[in-house]
Amino acid sequence: MTSLILALMSALVGVLLIVLIPGENKKLRNSIVFLSVLLALVFSWRTGLLVFAGKSIGLKVELGRFVWSLRPDPLGVVFGLIASTLWLFTGVYSFGYMDNKEKQGSYYVFFLLALCVTLGVAFAGNLVTLYLFYEFLSFATYPLVIHERSPEAMKSGKKYILYSLSGAGLLLVAIVLTHHLAGNLAFGAGPILEGLSGPGLNWLLLLFVLGFGVKAAVMPLHHWLPSAMVAPTPVSALLHAVAVVYSGAYGIVRVVYSVFGRELAGELVFSKIFLYVIVFTILAGIIVAIRQDHLKRRLAYQTISHLSYILLGAFTLTPWGLAGAVFHMISYSTLKITLFFCAGIISELTGKSSISKMKGIGRGLPGTMVLFATGTLGMIGILPLNTFWGKYYLMKGSVAGGMWPLALVLIISGILNGVCFIPFIIKAFSGEKNQPAGKTGKRGYREYALFIPPLVLTIAAISMGLLPGMVWPAVQAVVDWFF
Amino acid sequence: MWPLTGPFVPGFFIDSLNLIFIIMAALLWFAVSLYSYRYMKVEGRSRGFNIASLLTLVAVMGVFLARNLLTMLLFFELMTISSYFWVIHRRDKEAIRAGYFYLFFSIIGGLFLVLGIVFMGAATDVLPAIGSGAVTPLNARAFNWSMVFFLIGFGIKAGMVPLHLWLPHAHSAAPAPASGLLSGLLIKVGAYGLIRLGEFAGWGMEAGVNLKFLGVILLITGILSMLLGVVAALLQSDAKRLLAYHSVSQMGYIILGLGISLYLGAEGVLGLLGAIYHVLNHALFKAALFLGVGIIYVYRKETDLYKLGGLWRQYPVTAILMFFAVLGITGAPGLNGYASKTLLHHAVSFLSDKGGLWAVWLEWLFSLVGVGTTASFSKLYYLMFLAKPAEEDGIERLVNKKFVTERKLSGMQAAMVLLVISMVLLGLFPQFFLYKMAVPAAETLGLSAETALAGFSFWTFSDLAGIFITLALGVLVCFAGLKSGAFHWQPPQWLTLEGLGNLAFGELSLFWGEALEFYHFACRGIADTGKNLAGSLVRALRRFEEPGSLTAGKSTFTGISADLFLVFMVLAILLILFTLTRPEFLDLSILANLSGN
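Going line by line, the protein sequences match chains A and B.
The numbering used here runs 801 ahead of the 1-based position in the first sequence.
The numbering used here runs 84 ahead of the 1-based position in the second sequence.
Spelled out as structure tokens, the structure:
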């Protein structure tokens, strides 16, 4: 239990310390950030390993009839570990990226706060806690979206808040209804709505899906995500490709398995209808991505497409499908962050953000583009990258669930992912050497901080691809928990 | 501690079948390594090329030696990535375009393999290990589909028509040693996959599993590949493209042989034997041919046949070596091509005895393709080495002393000598390979060759007569074609697959453009309607902001808006009525079941 609290507190303590630092002491602040994130990582891993070992840890605070509880189970732990691990990498990357930017204090405060809140979402033990932290996440990440304070950023921030809060409002209604129906909101061994049935539950599921689906960028609730790309790249990478959007996807998986349960969800006709929405999101997301010229927006639409892989796995309602969803969560995050980091390196070192102007940058930034190419191969989902395993199990789940066309959809999506980025990579390596302005090839602290996180993540991704046993126990634990 | 590999247990094995393949791979790569030192001096960037070559070698060996399907898939993908760098080696526009074709087709092939594996997993409890014999599926439909997906995936790699579109571009854009390996080895990976596919399918003999359709598909695509490849090759003027189309055609032979054994089952074992033998033979002579063309490229920087000629004088050694390679591919007795083509011809004859009229046609087409092959290679050899050089260029070139003459023989010729010697040995002693290597391979795969090969001899009179007639006819066709200029015919766009693809793509782009326009139009319409509605709503609501006053009796309320008050009253009445009349507004009958939760 102590690990659990400490995991959340380290980030908060970090926040407090940074707020208290007088003046603009960059080294001290960066060290505090690094330490906080590292401690959060250590403690969440301790928590995670305890949970995987079968121990049940939790923290429950009852204020009258209001029960606030943190109780990590394998699914939550997977999400929490992904978040805390990648937060460390993003932290290091931020040291490089934000080095010459303004308002770093504000950035790091909310960076750490968002970590704490994300862990809260991951480790939440009942719907109320989940909802609280989920709402809080919108607020904690809003200042990061509007960081630049430009008119475009403010507009995106407004959109972000409006979408998030509307979704959360619907979520609150859904939670109230669930409490009314079942009286209990805790994530336990069995689903909350066990034993209930009836067509009205379709509407309940719809409300939940709408509520979480905003953050999970299900079309047509996805519009906030491409606009949110105006945020600094580490924010786009971590939050809007991993943490925030995963909280939405995690929420939906949680709802399907812990609130409704497999059997009930299978009976509801909404599950079948929603599969069509998922398929639409997967395909339309990547097709729209192909038409984007702005690199980060293209990545954003690809994110929208890939998030629905997780939802697809959840809604196949088979153990393979869930395994694929969890695998995809783990593997996709590493590579998507890498892609965003590379986009950030490109925009920082060359000043370019439009693909049409990026011909030949691979000559000046070969390492970055090689990482980008590896990431793209991962998005297509081929060995030896780890995303293959996610797709493989998703396809197995689809076939096992009797929904074999979904396997074809995944294949088509893979091909479209290739169409989306392979020409860009090839153009980047061809043509004249597009030397980044002013770059003399010297490598400073900044370049290392920018380059090493994606490099390590890519190596990790390839290792996970060749040795999926590294993450297999986690996947197994989640599947065993629910099946 | 859990095993690090989890669901993925890499495994390797060797049996009589992949033994043949890896010996072939090793031999070819060795030859190319002798060759590429001198060659890459002309192309440049040899370090990248060598790295790509070695990585591809690893990947190819991995595919051949893989024990389970996921291992094979891993090395298949690695092979795609590393061989891509061969194709784009020259970095010019044509190479990059060829690279796109190659990369996308290969990735799509890999994705189809994944589909095949997934459906195979649905058909059987545990994924079958490669080389473990026929599969008895629990779910026949899933198994059939998995076979189809594997067929498509491996067929793309093997250059099976109509999935061959990438092949001519990729094999002609790559440097010659790479083309030799691409044509010699990498497409054989596809053939290897198809052979293993046949093994999984039990060669169509499994009781209760109807897999004859696989045999039919392979027969059809095999003969189509043979025909299309040869016809397209006859029309080519670039030597490397010609050879690339011949790869399609010769792979058609192999696919046809596999189709025969899948279709006939145990009786069709000759087809399997012929296919395996032809895999080896084609690797040898196709590599030799590409290497030969590459030698000429090194000396003359030219691969266009109509710009070359009369080279036997300057490069006699290369000319002789190329002659042997040409003899090999056309099936002249004494070289290896004769052996495998004879086996395949026997298989096709057997099929035409057993099958219907269509099988007789198949046999005729088989011979026709043989004639076409001879014609095409006569054209190649004649134009390259024998014919008079194109006059204007010829004189200039003789004057220009920079062109190398063949006094300095290098590793290039050594490599070709190695291949030619192998071809000659295999040609003079075909029984060795057949009985010592192909038959054990067939037996491992589940087909016994004893009855089919009883009384079989390579050197029967009818076979020899047949091949000499084919060769003679081929040479005649060649001269007729050259004299009449028929080889310059350009097929109309709609007749070629690529042209069809371009046309379709054009139509699709138009359609897509129009669809997008409509979508934008609809969006604008919706947005405008929405804005209008919102505008009117806002205007209506604005009225509430005007302060007014309400007088009731003696008191006067000021600052309130009468409209708003009215709205609130109505809402309140509705809400009260609603709650009073429908206490169970959720319409779920479960409230009765809940007990004090």
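Here a beta-carbon is modelled for each residue, glycine too, at the ideal position from N, C-alpha and C.
For clarity, every value in this text was computed on a predicted model and none was experimentally measured.
- The three-state secondary structure of residue 210 (chain B), taken from DSSP, is coil.
- Contact between residue 367 (chain B) and residue 269 (chain B) holds: their C-beta atoms lie close to 6 angstroms from each other, under 8 angstroms.
- In the pairwise beta carbon analysis, the region 89-109 of chain B is classified as not touching the region 904-913 of chain A: fewer than three pairs are separated by under 8 angstroms.
- Annotation: the continuous alpha helix (DSSP H) that includes residue 880 (chain A) extends over 875-898.
- Bounds of any alpha helix (DSSP H) do not take in residue 861 (chain A); it lies within the beta strand (DSSP E) bounded by 860-864.
- Residue pairing of residue 1057 (chain A) in beta bridges, as defined by DSSP: absent, with no partner found.
- If you check each beta-carbon in the region 1189-1203 of chain A against every beta-carbon of chain B, the ones closer than 7 angstroms belong to 1193, 1196, 1197, 1200 and 1201.
- Residue 1264 (chain A) carries a helical assignment under DSSP once its states are collapsed to helix, strand and coil.
- Unbroken alpha helix (DSSP H) stretches of 4 residues or longer found wholly inside the region 341-396 of chain B: 353-384, given in chain order.
- In the DSSP annotation of this structure, residue 867 (chain A) is not part of any alpha helix (DSSP H); the continuous beta strand (DSSP E) holding it starts and ends at 867-871.
- Sequence-distant Cβ neighbours of residue 171 (chain B) in its own chain, meaning closer than 7 angstroms and more than five residues away, are 179, 182, 183, 186, 254, 257 and 258.
- It is roughly 40 angstroms from the alpha-carbon of residue 267 (chain B) to the alpha-carbon of residue 1097 (chain A).
- About 6 angstroms separates the Cβ atoms of residue 96 (chain B) and residue 150 (chain B), confirming a contact at the 8 angstroms cut-off.
- In the DSSP assignment, residue 134 (chain B) falls within the alpha helix (DSSP H) that extends over 130-149.
- Boundaries of the alpha helix (DSSP H) around residue 503 (chain B): 495-512.
- Closest in C-alpha terms to residue 98 (chain B), from the list B:261, B:499, B:365 and B:528, comes B:528.
- Bounds of the alpha helix (DSSP H) holding residue 537 (chain B) are 534-537.
- Residue-level contact by beta carbon fails for residue 1229 (chain A) and chain B, as no gap is shorter than 8 angstroms.
- Considered as a whole, the region 903-962 of chain A harbours no complete run of any beta strand (DSSP E) with no fewer than 3 residues.
- Sixteen is the threshold: when 16 or more other Cβ atoms of the shown chains lie within 10 Å of the Cβ of residue 192 (chain B), as they do, the residue is buried.
- Neighbourhood of residue 1184 (chain A) in chain B, by CB distance below 7 angstroms: 157, 158 and 161, in chain order.
- What residue 1215 (chain A) touches in chain B, judged by beta-carbon distance under 7 angstroms, is 195, going in chain order.
- Only buried fits residue 1032 (chain A), as 16 or more other CB atoms lie within 10 angstroms of its CB.
- Spanning the alpha carbons of residue 375 (chain B) and residue 1187 (chain A) requires a straight line of approximately 39 angstroms.
- The beta-carbon of residue 1273 (chain A) is placed less than 8 angstroms from the nearest beta-carbon of chain B.
- Taking every protein chain shown into account, the CB of residue 874 (chain A) has 16 or more other CB atoms within 10 angstroms, so this residue is buried.
- Between residue 413 (chain B) and residue 373 (chain B) a beta carbon distance of about 7 angstroms is seen, short of the 8 angstroms cut, so the two are scored as contacting.
- Contact between residue 804 (chain A) and residue 872 (chain A) is ruled out by a C-beta separation of about 13 angstroms, above the 8 angstroms threshold.
- Residues of chain A with a Cβ closer than 8 angstroms to the Cβ of residue 126 (chain B) do not exist; the shortest Cβ-Cβ separation is about 22 angstroms.
- The Cβ atoms of residue 988 (chain A) and residue 1072 (chain A) lie no closer than 8 angstroms to each other.
- Taking 8 angstroms as the CB threshold, residue 131 (chain B) stays off the interface with chain A.
- If the five residues before and after residue 1134 (chain A) are omitted, its C-beta is found closer than 8 angstroms to the C-beta atoms of 883, 887, 1042, 1043 and 1047, all from its own chain and listed in chain order.
- Per DSSP, residue 1284 (chain A) lies in no alpha helix (DSSP H) segment and is marked neither H nor E.
- Look at the region 1122-1172 of chain A and you find these whole runs of alpha helix (DSSP H), each 4 residues long or longer: 1162-1165.
- The residue from B:419, B:197, B:498 and B:335 with its alpha-carbon nearest to that of residue 313 (chain B) is B:335.
- Burial state of residue 656 (chain B) is exposed, judged by a 10 Å Cβ sphere holding fewer than 16 other Cβ atoms.
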